[in-house]
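Peer 1: Counting along the sequence shown from 1, when you hit position 333 you're at 1175 in our numbering, and nothing is skipped either side. Please find one structure pasted underneath; my questions will follow.
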Amino acid sequence: MNLIPNSNDLISILPILVLSGGGILLLGLQFIFQGFEFRIVRFTSGLVLIAAFFSLFISQSNPGLGSYFSGHYEISTLGFWFGALYLVAAFCTVLASPRVLEQHNMEFPEFYPLLLFSVVGMFLMTSGTDTVTIFVGLELMSVCLYVLVGMARSDVYSLEASLKYFLLGSFSTGFFLFGMAFLFGGSGTTHLQDSLKPLLSSGFDSNFTKIGLLLLLTGISFKIALFPYHSWTPDAYEGALTPVTGFMATASKSASMGLLLVVFSKFPAPISGGEWTWIMGILALMSMTYGNFVALKQTSLKRVLAYSSIAHAGYVVAGISLGGKEEALFYLIIYSFMSLGAFAVLSFLEEGNQHVTYDSIAGLAKSRPWTSFVLFIFFLSLAGIPPLGGFWAKLFLFQKIAEGTDLISRWLLIGGIANSALALYYYVKVGIFAYMRSEEGEISKLDSPKASYGVIFVSAISLAAVLVGWYFIQPKDLNNLKFASKSAELQK
C-alpha cells in the first residue's frame, strides 16, 4: 500500500481541500478585519462554496471516476450529486442566515467555518469507502452541527435542543463504532465492501459481520431519524435557528441517507435484499406512519416539518432498501429544495422571536399575499400535489417500490400511498388558515418586515426547482452524467 498521496489523489479531494482551506481562512479573517469581520467572513464563505462547487466538476473530469488514496476515497456519479446537494444547501444557508443571526444577537464569525467543516464531513461520509474514513466524516459533521444548534446561547430552547442532540448523537456514535469493530473482527479489514463479504458465509463465520452490520445500520438510523431513533429530531429542529434547521433537514439528512445508500450498494450481489431489506423496510414503514400521525397533532410549523421529515425519511429508506438508488437520490434533491424554501420563509415570518403556528398565520394571504403563496406552494409540494416536484419524486419512488414482487414491497407501497394521503391534512391546513380564515393571526397583524434579499433568492431558487426542476432532471438522468475524463484505475 502506497501511503504517500499522488497528484490524482489530491485532485480527487479538491472540493474537500477547498472547503477545509476556506474554513481555516475564515477563522483567521475574523482577527484581521475586526469591527466588520462578520460581513467579510460571510462574503468569503459564499465565495469558498462557489469555488468548491466548481472544483467538484474538476475532480469529476480529471482524474475522473474511480478509487483513490489506496481505495479509501471514491469518485462516483452518486458522490457528485450528493456533493452538489451539500454545497447548494450550505450556500442557501449562508444567504438566508444573516438576518436571523442579527435578530438573535448571534453575529459570530465562527458560524460560517462550522458550516464549511460540516460539509467536509458530509463529503467523507458518502465518498469514503473505508469505515474509518466514513466515521471521521460522520463525527466531523455531527460535532459542527452540535455547536450550530446550540449557538443561540441566550435561548434556553436552543441549549436544550443542543444538549439532547449531543447526547443522543453520542449514543448513536457508540453503535456505529461497535459496528465498525465487529465488521473488522469478522473480516480483518476496514474497507467497507470487503468487510461485508463474510455475509456470503453461513454459520458462525458470518456472525460477527451480521452483528456489526446491524449495529452500523442502527447508528445510521439515529442520524437519519428513523423511528424509534427519532426522539432528538423535534426538539433539535424547534430549538435551532431556522436556517440551521433547514440545513439539518436537507444536507445533514441527505448525507446520512446517502451513507445508507452507499452501504446497501456495497452488499455482495448474491445477498442483496433478504433480511436486510426487511429490517430497513419495517423501520421505514414505522417511520412514515409514526411521523405523519404525530404531525397531525402539532401546532408549530417547525415541529410539523420535523415530524414530516421523519415520514419523508421513511419514504426514502423504503426506496433504498428495495434498490431504488436513482429514485431515492432524486427524492432527496427535490425534498431538499422544498425544505430549504419552507424554512427560509418561516425564518422570514418569525422576525426573530415569533413562533410560527397555524393560528399565527391565519389571514396571512390578506397582509402578505406573496409570502403566503410561496409558503403554501412548498407545503403542497411536500404533500405530493401534482404537478409540483414533490408529486414526481413520490411517483418515481413508488414506481420503483411497485416493481418488487416480494411481500415487503407490497407493504411499503401500500404504506407509502396511505401515509401520503394522511399527510395531506396537515400540509393543506397551512393554506386553509392562510386563505380561508377571516380573523387575523398574530403574525398576520404585524406590519410586513423589510425584505430579505437572501431569503428571496433562496425562495426563488427553491420555487423554480419545485415548479419546473423535475422537468429538466429526472432519475434516469442522474446516472448518465458525461465527463471528459480519463478512467482512474484502482490504486493499491
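Every residue, glycine too, gets a C-beta built ideally from N, C-alpha and C.
Can you give me the C-alpha to C-alpha distance between Met1180 and Ile1315, rounded to a whole angstrom?
Peer 2: Taking the straight line joining both Cα atoms gives about 16 Å.
Peer 1: Please report the straight-line C-alpha distance between Gly1088 and Ser1044, rounded to a whole angstrom.
Peer 2: Those two C-alpha atoms are separated by around 44 Å.
Peer 1: Any heavy atom of the ligand NAD inside 7 Å of the beta-carbon of Leu1055?
Peer 2: By its list of ligands, the structure shown contains no ligand whatsoever, and the ligand NAD lies outside what it can speak to.
Peer 1: To test your reading of the DSSP string, which unbroken alpha helix (DSSP H) runs of 4 or more residues are found completely within the region 877-922?
Peer 2: Here the runs fully enclosed are 879-903.
Peer 1: For Ser1304 and Gly1183, which I take to be in contact (beta-carbon distance under 8 Å), what is that distance rounded to the nearest angstrom?
Peer 2: Yes, Ser1304 and Gly1183 are in contact; Cβ-Cβ is about 3 Å, under 8 Å.
Peer 1: Can you find the residues in the same chain that come closer than 7 Å, C-beta to C-beta, to Ser1063, ignoring five residues on each side of it along the sequence?
Peer 2: Only Tyr1071 and Leu1125 meet the Cβ criterion.
Peer 1: Under 8 Å between C-beta atoms, does Phe899 make it to chain D?
Peer 2: Chain labels in this structure do not include chain D; a single protein chain is all it has.
Peer 1: According to the Cβ coordinates, are Phe1233 and Gly1258 closer than 8 Å?
Peer 2: No, the pair does not count as a contact, with Cβ atoms beyond the cut-off.
Peer 1: Check each candidate in Phe899, Cys934 and Glu944 and name the one with the smallest Cα separation from Glu1192.
Peer 2: It is Glu944.
Peer 1: How close, in whole Å, do the beta carbons of Leu1056 and Leu1025 come, if the pair is a contact with beta carbons under 8 Å?
Peer 2: Rounded, the Cβ-Cβ distance is 10 Å, inconsistent with contact.
Peer 1: Count the other CB atoms, across all protein chains shown, that sit within 10 Å of the CB of Lys1318; report buried if there are 16 or more and exposed otherwise.
Peer 2: Exposed, since its Cβ has fewer than 16 Cβ neighbours within 10 Å.
Peer 1: Use the C-beta contact count for Ala1153: other C-beta atoms within 10 angstroms, 16 or more gives buried, fewer gives exposed.
Peer 2: Buried, since its Cβ has 16 or more Cβ neighbours within 10 Å.
Peer 1: What residue from Ser849, Ala1091 and Val989 has the CA that sits closest to Thr1075's CA?
Peer 2: Measuring from the Cα of Thr1075, the nearest candidate turns out to be Ala1091.
Peer 1: Would you mind sorting Lys1328 into buried or exposed? The rule is 16 or more other CB atoms within 10 Å of its CB.
Peer 2: Confidence is the limiting factor: at Lys1328 the pLDDT is only 42, short of 50, which leaves the residue's position unreliable and the question unanswerable from this model.
Peer 1: Can you tell me where the alpha helix (DSSP H) with Ile1285 in it begins and where it stops?
Peer 2: From DSSP, the alpha helix (DSSP H) with Ile1285 extends over Glu1284 to Lys1287.
Peer 1: Using a Cβ-Cβ cut-off of 8 Å (strictly less than) and excluding sequence neighbours within five positions of Ile1243, which residues of its own chain qualify?
Peer 2: Result list for Ile1243: Ala1160, Gly1161, Leu1164, Gly1166, Ser1251, Leu1254, Leu1255 and Gly1258, in chain order.
Peer 1: Looking at the unbroken alpha helix (DSSP H) that takes in Gln1316, where does it start and where does it end?
Peer 2: From DSSP, Gln1316 is part of no alpha helix (DSSP H); its letter is neither H nor E.
Peer 1: Any contact of the region 1263-1280 with the region 1202-1210, i.e. 3+ C-beta pairs under 8 Å?
Peer 2: They touch, by the three-pair rule.
Peer 1: Check the C-beta distance from Leu1034 over to Glu1168 and give it rounded, since I have them as a contact under 8 Å.
Peer 2: So it is not a contact: roughly 21 Å between Cβ atoms.
Peer 1: Mind checking Phe1190: buried by the 16 CB within 10 Å criterion, or exposed?
Peer 2: Result: buried.
Peer 1: Taking the CB atoms as reference points, tell me whether Arg884 and Tyr954 lie closer together than 8 Å.
Peer 2: The answer is yes: Cβ separation under 8 Å.
Peer 1: Here's the rule I'm using: 16 or more other beta-carbon atoms within 10 Å means buried, otherwise exposed. How should Lys1292 be labelled?
Peer 2: Burial call: exposed.
Peer 1: Locate the alpha helix (DSSP H) running through Gly1133, then write down its first and last residues.
Peer 2: Taken as a continuous stretch (DSSP letters only), the alpha helix (DSSP H) holding Gly1133 covers Glu1117 to Ala1137.
Peer 1: Would you check if the distance between the CB atom of Ser1096 and the CB atom of Leu1264 is smaller than 8 Å?
Peer 2: The answer is no: Cβ separation not under 8 Å.
Peer 1: Work out the CA separation of Thr1084 and Phe1185 for me, nearest whole Å.
Peer 2: Each residue's alpha carbon lies about 6 Å from the other.
Peer 1: With a CB to CB cut of under 6 Å and the five nearest residues on each side skipped, what residues in its chain are close to Phe1050?
Peer 2: The residues are Phe1024, Gly1027 and Gly1028.
Peer 1: Please report the straight-line C-alpha distance between Tyr1313 and Leu1068, rounded to a whole angstrom.
Peer 2: The straight-line gap from Cα to Cα measures roughly 30 Å.
Peer 1: Which runs of the alpha helix (DSSP H) spanning at least 4 residues fall entirely within the region 1033-1097, listed in chain order?
Peer 2: 1034-1037, 1049-1066, 1074-1081 and 1084-1089, all fully within the region 1033-1097.
Peer 1: Going by alpha carbons, who is nearest to Asp848 out of Pro905, Ser1048, Ala1155 and Ala1148?
Peer 2: For clarity, residue 848 is Asn in the given sequence; the question names Asp instead. Closest option to Asn848, Cα to Cα, is Pro905.
Peer 1: How many Å lie between Ile874 and Leu852 at the Cα?
Peer 2: So the alpha carbons of these two residues sit roughly 29 Å apart.
Peer 1: Among Val1086, Thr1247, Gly1123 and Ala1170, which residue has its Cα nearest to the Cα of Leu937?
Peer 2: The option with the nearest alpha carbon to Leu937 is Val1086.
Peer 1: Throw me the rounded Cβ distance for the Met993 and Met948 pair, which I believe falls under 8 Å.
Peer 2: Met993 to Met948, Cβ: 6 Å. Contact.
Peer 1: Our contact map puts Pro940 next to Gly1296 with C-beta atoms below 8 Å; I'd like the distance itself, whole angstroms only.
Peer 2: Correct: roughly 6 Å between the Cβ atoms.
Peer 1: Please report the distance separating the alpha-carbon of Leu990 from that of Leu956.
Peer 2: The straight-line gap from Cα to Cα measures roughly 7 Å.
Peer 1: Can you give the beta carbon distance from Glu916 to Ser969, rounded, assuming they're within the 8 Å contact cut?
Peer 2: Glu916 to Ser969, Cβ: 6 Å. Contact.
Peer 1: Let me check understanding here. Comparing Cα to Cα, which of Ile846, Leu1143 and Gly913 lies closest to Thr971?
Peer 2: Of the listed residues, the one whose Cα sits closest to Thr971 is Gly913.
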